[in-house]
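Take the sequence shown: its letters are residues -27 to -1, 1 to 361, numbered as in mature numbering (1 follows the signal peptide of the UniProt record, and there is no 0).
Heads up, the thing below is written out as structure tokens.
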Amino acid sequence: MKPHSFLRPLVVAAALAAATCASIAHADIKVGIDLSSTGPAAAIGITSKNAMLMWPDTIAGQKADYIVLDDGSDPGVAVRNIHKLINEDHVDVIVGPNITPAALAALDPVAESKTPMITLVGSGSVVEPQQGARVWAFKMAQTDAAMADVMTRYMAAHGVKTVGFIGFADSYGDSWLNEFTKYAKERNIQIVATERYNRTDASVTGQILKLMSAKPDAMLIAGAGTPTVLPQRTLIERGYKGPIYQTHGIATPEFIKLGGKDVEGTLFPTQPVVVARTLPADQPAQKAALAFVDAYEAKYGPGTVTQFAGDAAGVYPRLQDAVARALKTAQPGTEAFRVALRSELEHAHEVVVPNGMVNTSPTDHVGLDQRASVMGTVRGGKFVYLGQ
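What follows is the structure in structure tokens.
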């Protein structure tokens, strides 16, 4: 498979690095992938998988075997998949899961087997704090903290003083409530009402009526994928006229398709890939983001790219960078290689990914700075850039 244009410079760089140890015959590198390709989070998992299908069949000059499993958006199934990938397929690295509850549940098995895991979730709870099992986990998406930071800055600049919050009744909702509360307090924004709901709920009318009775300046819906449409539609149907904010978890074409006119004007923090075509030329991530969007949409059609596809695409250059160095000290298929790979993933320096530049450390297993955080809106049925 020939690499797509946005990956070619990275492939060349990794090949040159691998050439320094060309005399050593290495085993294939096995990459175990767990995604939610079905179930409530399918809109996230499918686009992640699509991006992975664009990966070359070598990593740092070594043949790569990609083993892809579907967890059906079920954390229990995800854990079973992780055990299979580790104990039966003997993978060198895990990629995924892409929902927070599943990624949290996977921490113990990856730590026990000393297998690094690069997750595709939004919540920073998977990698923070960097201790215990979390030292084996990395994360591609910008943290909830960084997204809450850029969101509350935008709110404060546009006169929002009070907010009503409704979020998933799980670890994603917990993380967002915690991070938003912290940054809202810094900017003198008060949360006047808090409600929760489940990803599979068919109605949130009761929660929405309670939020509206508090008469907040703005509403924040903290969820991911298409289940985020329900609270917003209910707000519109009940006559709410204020601004509605969502999190970076909404950025899929399915959100716009399902939400239709009810999601026009949605305000949300996001990463550069989602709004690549409307980014200003001087935005630091614009070039890499646009290159990926061009390649992805050439394969899958206009308007199909998502943040989650961008996150998944970014795993490949992360692996290229780390594997090239890990190969110098250990052989794939061994514990020594997995340990070396974890260490090298922890020391990325200015690695270019579609959603920004990555600089990791022993205390930061995300590595994205504010170059990877922007504000967007839904306008004319499209995600567009608002500011940074």
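For glycine and all other residues, C-beta sits at the position ideal for the given N, C-alpha and C.
By how many angstroms is the C-alpha of residue j removed from the C-alpha of residue i?
{"i": "ALA(-13)", "j": "VAL325", "result": "Low confidence applies here, because ALA(-13) scores a pLDDT of 46, under 50, leaving its location unreliable; read the following figure in that light. So the two alpha carbons sit approximately 16 angstroms from each other."}
{"i": "VAL278", "j": "LYS214", "result": "30 angstroms"}
{"i": "LEU263", "j": "SER186", "result": "43 angstroms"}
{"i": "ALA166", "j": "SER9", "result": "32 angstroms"}
{"i": "GLY97", "j": "ALA118", "result": "7 angstroms"}
{"i": "ALA75", "j": "ALA51", "result": "6 angstroms"}
{"i": "CYS(-7)", "j": "VAL296", "result": "Because the pLDDT at CYS(-7) is just 44, under 50, the model does not fix this residue reliably, and the value given afterwards should be weighed accordingly. Distance between the alpha carbons of CYS(-7) and VAL296 is about 12 angstroms."}
{"i": "SER(-5)", "j": "PRO89", "result": "Because the pLDDT of SER(-5) is 41, which lies under 50, any placement of that residue in the model is unreliable, and the number read from its coordinates should be weighed accordingly. Approximately 26 angstroms, taken between the alpha carbons."}
{"i": "ILE181", "j": "ALA258", "result": "37 angstroms"}
{"i": "ALA16", "j": "GLN103", "result": "30 angstroms"}
{"i": "GLY276", "j": "PRO226", "result": "7 angstroms"}
{"i": "residue 447", "j": "LEU80", "result": "Here the chain has residues from -27 to 361 only, and residue 447 is not among them."}
{"i": "GLY12", "j": "GLY198", "result": "11 angstroms"}
{"i": "GLN244", "j": "VAL99", "result": "19 angstroms"}
{"i": "ARG298", "j": "ARG315", "result": "11 angstroms"}
{"i": "LYS158", "j": "PRO216", "result": "19 angstroms"}
{"i": "GLY222", "j": "ALA313", "result": "32 angstroms"}
{"i": "ASP122", "j": "THR220", "result": "12 angstroms"}
{"i": "MET174", "j": "ALA106", "result": "Per the sequence presented here, residue 174 reads as Asp, with Met not at that position. If you take the alpha carbons of ASP174 and ALA106, they lie about 32 angstroms apart."}
{"i": "ARG250", "j": "PHE356", "result": "9 angstroms"}
{"i": "LEU150", "j": "VAL331", "result": "26 angstroms"}
{"i": "GLY146", "j": "GLN256", "result": "30 angstroms"}
{"i": "ILE55", "j": "GLU85", "result": "12 angstroms"}
{"i": "SER334", "j": "GLU101", "result": "13 angstroms"}
{"i": "THR307", "j": "LYS272", "result": "36 angstroms"}
{"i": "GLY360", "j": "ALA309", "result": "45 angstroms"}
Which term fits residue i, buried or exposed, when burial requires 16 or more other beta carbons within 10 angstroms of its beta carbon?
{"i": "PRO204", "result": "buried"}
{"i": "PRO189", "result": "buried"}
{"i": "MET(-27)", "result": "Reliability of the predicted coordinates at MET(-27) is poor, the pLDDT of 48 falling under 50, and the value obtained from them is presented with this limitation in mind. So MET(-27) counts as exposed."}
{"i": "SER144", "result": "buried"}
{"i": "ALA294", "result": "Ala is not the amino acid found at residue 294; the sequence shown has Asp there. Classification for ASP294: buried."}
{"i": "GLY349", "result": "buried"}
{"i": "ALA130", "result": "exposed"}
{"i": "PRO253", "result": "exposed"}
{"i": "GLY353", "result": "exposed"}
{"i": "SER148", "result": "buried"}
{"i": "residue 386", "result": "The requested residue 386 does not occur in the structure, where the chain is confined to residues -27 to 361."}
{"i": "THR239", "result": "buried"}
{"i": "THR336", "result": "exposed"}
{"i": "ARG211", "result": "exposed"}
{"i": "GLN115", "result": "buried"}
{"i": "PRO(-19)", "result": "Here the model assigns PRO(-19) a pLDDT of 49, short of 50, so the residue's position is not dependable, and the following value carries that caveat. PRO(-19) comes out exposed."}
{"i": "ASP7", "result": "buried"}
{"i": "GLY274", "result": "exposed"}
{"i": "GLY233", "result": "exposed"}
{"i": "GLY18", "result": "buried"}
Just tell me which of the options has its CA closest to the CA of residue i.
{"i": "ARG53", "options": "ALA24, GLY146 and VAL83", "result": "VAL83"}
{"i": "GLU61", "options": "LYS3, GLY232 and ASP47", "result": "LYS3"}
{"i": "ARG206", "options": "ALA224, HIS221 and PHE228", "result": "PHE228"}
{"i": "VAL68", "options": "ASP43, ALA271, GLY5 and LEU77", "result": "GLY5"}
{"i": "ASP1", "options": "ALA37, ALA14 and LEU26", "result": "ALA37"}
{"i": "VAL339", "options": "ILE209, HIS320 and TRP28", "result": "HIS320"}
{"i": "MET27", "options": "PHE153, ARG298 and GLU270", "result": "GLU270"}
{"i": "ASN23", "options": "GLN280, GLU323 and SER334", "result": "GLN280"}
{"i": "SER46", "options": "LEU193, PRO200 and GLY238", "result": "PRO200"}
{"i": "LEU318", "options": "GLY105, THR92 and GLY238", "result": "THR92"}
{"i": "ALA14", "options": "ALA224, GLY105 and ARG298", "result": "ALA224"}
{"i": "LEU208", "options": "GLN163, ILE55 and GLY179", "result": "GLY179"}
{"i": "GLY95", "options": "ALA106, LEU77 and GLU85", "result": "LEU77"}
With C-beta atoms as the reference, is residue i less than 8 angstroms away from residue j?
{"i": "ILE32", "j": "LEU292", "result": "yes"}
{"i": "VAL351", "j": "VAL246", "result": "no"}
{"i": "LYS57", "j": "ARG311", "result": "no"}
{"i": "MET120", "j": "PRO242", "result": "yes"}
{"i": "ILE40", "j": "VAL66", "result": "no"}
{"i": "SER21", "j": "ALA195", "result": "no"}
{"i": "TYR358", "j": "VAL248", "result": "yes"}
{"i": "PRO126", "j": "ARG169", "result": "The sequence given here has Arg at residue 126, not Pro. Contact flag unset, no."}
{"i": "MET192", "j": "TYR156", "result": "no"}
{"i": "ARG172", "j": "PHE141", "result": "yes"}
{"i": "VAL202", "j": "LEU231", "result": "yes"}
{"i": "ALA285", "j": "MET25", "result": "yes"}
{"i": "VAL133", "j": "ILE162", "result": "yes"}
{"i": "ASP44", "j": "PRO70", "result": "yes"}
>> Does the contact criterion of 3 or more C-beta pairs under 8 angstroms hold for the stretch 300 to 316 versus the stretch 341 to 355?
In response: no
>> With three or more C-beta pairs closer than 8 angstroms as the rule, is the stretch 272 to 289 touching the stretch 22 to 37?
In response: Taking 8 angstroms as the limit for Cβ pairs, the verdict is that the stretch 272 to 289 does touch the stretch 22 to 37.
> Per the contact definition of three or more C-beta pairs closer than 8 angstroms, is the stretch 254 to 269 in contact with the stretch 315 to 334?
Replying inline: yes
>> Contact between the stretch 130 to 144 and the stretch 101 to 115 is defined here as three or more beta-carbon pairs at a separation below 8 angstroms; is this criterion met?
In response: no
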